[in-house]
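Below: the structure, in structure tokens.
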Amino acid sequence: MPKHFIKPKKEKVICQKCGQEFMGGAYVDHCPFCLWSLHVDDEIPGDRKSQCFGLMKPIGIEVRKREKIMIIYSCQKCGKRNVNKIADNDDFEKVIQLSAKSRHDKHEN
Ligand SMILES: [Zn+2]
Ligand SMILES: [Zn+2]
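Here this note's numbering runs 2 ahead of the position in the sequence shown, where the first position is 1.
See the structure below:
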């Protein structure tokens, strides 16, 4: 097994932004309702090595190859940028809003 492989573990998470409960896994740590996330990963998505635990604000959308949609996050505590794949149960309406917003806020941090 590769050293950095992390077995997805399902766990109930309560969103610290909107208070909704959702099932999180190793690669799903953002809220499907408001899309906010927590700064828990350091260098590798799913590594859970970060000691920050700041709230991560979704600031934009990045579309990668094969229509893979990534959410761009900015940590409200330490300022670190991260990207995370959208999950199947994410509120797609919110994702659309975010992509529209990121186009408008291009010059904002
Ligand atoms: Zn939420
Ligand atoms: Zn942080």
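We treat Cβ as the ideally placed atom computed from N, Cα and C, and that holds for glycine.
- Contact between the region 11-31 and the region 69-83 is absent, with fewer than three C-beta pairs closer than 8 Å.
- Considering only Gly81, His41, Gly56 and Val15, the residue with the shortest C-alpha distance to Arg50 is His41.
- Leaving aside the five residues that flank Lys12 on each side, the residues in its chain whose CB is nearer than 6 Å to its CB run, in chain order, Met25 and Gly27.
- In this structure, DSSP gives Lys51 a state outside helix and strand, which the three-state scheme calls coil.
- Pairing Gln53 with Trp38, the inter-Cα distance amounts to about 18 Å.
- Near ligand 2, meaning a beta-carbon closer than 5 Å to one of its heavy atoms, we find His41, Cys54, Gly56, Cys77, Lys79, Cys80 and Lys82.
- Of Pro60, Cys36, Gln22 and Cys17, the smallest CA-CA separation from Lys82 is found for Pro60.
- Less than 9 Å separates the beta-carbon of Ile63 from that of Ser101.
- Collapsing the DSSP output to three states places Glu45 in coil.
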